[in-house]
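A quick write-up on the structure given underneath.
Residue numbers (my numbering): 1 to 887.
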């Protein structure tokens, strides 16, 4: 009896407990299990994300938006390609397994539309509303009208498809008109940012017009969905009234309460707290729920909450930074892949169908191009600018795909017409970036800027008198317009270097300089009130412009920083610290600054482009303390190591030297702290005993870091190695400019050979030295000893006093010095970047442990017209890469 009971119990237990052995008990991971759908979902998501990233790798090289790769991924995985493989769809994307996939995709769509809403800054629209309304009106009205005409043929040709709901022609025409007229605002932001057009006339007009186009398009789409979902006309009126009332409640009731919470939690100043992020997400889902249950699509509720979020203090940017990665990496690719899966290119199986593909594409592209062009032309832009605006406004992108998916879900579109419009969206989006790059290249932008300034005529010929070289240039400052690359790391050493320029001449005018960031032009406004206090002619103004480069990524927050650069730059602590420090000087100086958000690969081009625009004499760059292009991200970053041994920043400097060769001189500053050989070995964790004659109250905390004022009161010694090249001539003259500071002594070290007397440049500069600084300028010869390199001789001749020393070295050197320095110049990459002598000097400083020695490596501007006229200068080694390779 007991045996029978036990067996029955075992049988019952076996029936209740599922197998837990997984694949070891024969489980197939691709078989959908409603009780555990995560396994199949992981397979689906992994395939989608991996294939999307693989396709985007080549597309990103030509500045194409990622949405193209995401939709192509879906098309490849759908019935058009992989669906033709027997068993693929049933195994990976079975009908019963698509519910969790579709749920995740729609969650991503809701959150993404919330991010899109936060990207739109309505204050930006209000500042440019006249032009924006003019361009947006024509850009929407003309395509909408042609879209309605096109809808007539589509309605009668494909209106009998079995998947369609019984809708009237006006509703269908309204939807097709919106699909033809709408512009993808988020994709526009990314294209404008990637092509550096956001702060140009074209960028400002496209951005503001895109905001109007986007908002009006969503309103019309909501009306269309309402008409489809309502059974009677009076129901549609009720839905519209409730939707309008709800938007008013959000604007005038919910937003003030939300702002109170943000101020109470200090989220506007310090970024959103965890509780504020949770509250915001709950508001998004609640709003999406409400708009869905009243008969409007859920994405409209999320979009309205995004519009409601404030942009004060960069709150929208900071909130986006906290949630965007998961959304853009996981959820968004699922939705657009779902769009591709719903696309079936096999349904384009007749000549009439392909005729409508061509007709829809041509209508969508050329009507948007014509409308945008005429709207811009009527607002005073030249024809080429106007056509560029029209080309940008023709971009469809992800907004079009969202509209099409809504139409497919509402059964306004069949799978066939949906596929026709997806092909149109891909073609128009793909064509936008190459067309804009061809229509509006940087060379044309520069020409247009000079033409509007009245400096050239339309054919490029100069107008009026041109700047002529100064008569006796030897007694003039060589750096009157300095462009400074601002970085978080190395800011203190950079300010110390800038102080060498700003000290010297006494003020002869009263200067009221306000460092103000203009977001549209990215140039500071300077206000000067002249008050001449001396009968002598004033010295020329020194203009110092700081350029802060922020890396542009694919993140939405990065694009938002560019579009809101005015407010973002106004709160940037690096710009503010630079403006305050550089303007506290004894010389007449105009200080300005701006921020550029560009890809890391464009840093060198951006700096040289700014130098060209500002007509800078010198580009000053501090060496990175991290050794990388990115700045020190946080307190908990990895151990620094040797920053001079990292190749990333060395490659950036090589690019800057190469690109600026015919634009401006370049100065690379390497601070003494980067050359301290013991710096990386210091540790505050070791126990040590110290003997001191100070009282305990005077002993500094061992973990504290000592700072020195940029305007240090002790003397500095500047030592210049002169070998007779163009770079050495510039180094000589730059040192004489620094010598105008009474706390700076200059030593010019020349080669001990008979050709020194034949260097006419050297003699001219030496004879033109002002009497006010002649006592602080000394001349000496480099000691010549056998088996001793130039770097060793420089270190051995270092003064024994405790003055800090700055070596100013030319990047190129004479062939004689290059041969003597090549054996000890260090690594090939360092020699190629710094030059053979500076690289060997860096190595010698580290080897000998010489303290308090900094380097300023300069490269003179090389004019094409004067290249090859040496006037007695020695033959120089211009290609440092060749020198390094030969060694």
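Where is the CB? At the ideal position from N, CA and C, for every residue including glycine.
Query: Terminal residues of the alpha helix (DSSP H) in which residue 397 lies; Result: 397-409
Query: Any 3 or more C-beta pairs closer than 8 Å across the segment 730-742 and the segment 770-781; Result: yes
Query: 7 Å Cβ shell around residue 227 - same chain, five flanking residues per side excluded; Result: 171, 236
Query: Own chain, CB closer than 6 Å to residue 545, minus 5 neighbours either side, in chain order; Result: 483, 592, 614
Query: Paired residues, beta bridge with residue 807 - DSSP; Result: 719, 855
Query: Residue 832 versus 655, 419, 559, residue with shortest Cα-Cα distance; Result: 655
Query: Whole-angstrom C-beta distance between residue 660 and residue 611, which should lie under 8 Å; Result: 6 Å
Query: Cβ-Cβ distance between residue 578 and residue 621 below 9 Å; Result: no
Query: Per DSSP, the bridge partner or partners of residue 257; Result: Residue 257 is not bridged to any residue.
Query: Sufficient close CB pairs (3 or more, under 8 Å) joining the segment 69-84 to the segment 39-58; Result: yes
Query: Neighbourhood of residue 862 by C-beta, 7 Å cutoff - its chain only, sequence neighbours within 5 removed; Result: 661, 662, 726
Query: Bridge-paired residues (DSSP) for residue 747; Result: 719, 778
Query: Collapsed DSSP secondary structure at residue 612 in the structure displayed; Result: helix
Query: Alpha-carbon to alpha-carbon, residue 290 and residue 149; Result: 35 Å
Query: Residue 551, DSSP secondary structure in three states; Result: strand
Query: Contact set for residue 131: own chain, Cβ-Cβ below 6 Å, skip 5 residues either direction; Result: 205, 379
Query: First through last residue of the alpha helix (DSSP H) which encompasses residue 56; Result: 38-61
Query: Burial state of residue 246 (16 or more Cβ within 10 Å); Result: buried
Query: Nonlocal neighbours in the same chain, by C-beta distance under 7 Å from residue 267, ignoring five residues either side; Result: 273, 276, 315
Query: Among 406, 749, 188, nearest to residue 724 - alpha-carbon criterion; Result: 749
Query: Short Cβ contact (9 Å threshold) for residue 174 with residue 241; Result: no
Query: Short Cβ contact (9 Å threshold) for residue 440 with residue 197; Result: yes
Query: Residue 552 to residue 184 span [Cα, whole Å]; Result: 20 Å
Query: Where the beta strand (DSSP E) containing residue 622 begins and where it ends; Result: 618-622
Query: Limits of the beta strand (DSSP E) - the one that residue 667 falls within; Result: 665-670
Query: Counterpart residues of residue 485 in DSSP-defined beta bridges; Result: 547
Query: Bridge-paired residues (DSSP) for residue 595; Result: 548
Query: Reduced DSSP secondary structure (H/G/I, E/B, other) of residue 239; Result: helix
Query: Distance between residue 397 and residue 436 (C-alpha atoms, nearest Å); Result: 15 Å
Query: Residue 808 and residue 721 closer than 9 Å at C-beta; Result: yes
Query: Residue from 647, 666, 609, 391 with nearest C-alpha to residue 619; Result: 666
Query: Length of the line joining the Cα atoms of residue 411 and residue 345; Result: 19 Å
Query: Limits of the unbroken alpha helix (DSSP H) element including residue 70; Result: 66-77
Query: Contact check, residue 892 vs residue 255, beta carbons under 9 Å; Result: What the structure shows of the chain is the stretch from 1 to 887, and residue 892 is not part of that stretch, so it cannot be assessed.
Query: Endpoints, alpha helix (DSSP H) assigned at residue 179; Result: 169-181
Query: Residue from 573, 495, 493, 607 whose Cα sits closest to the Cα of residue 549; Result: 607
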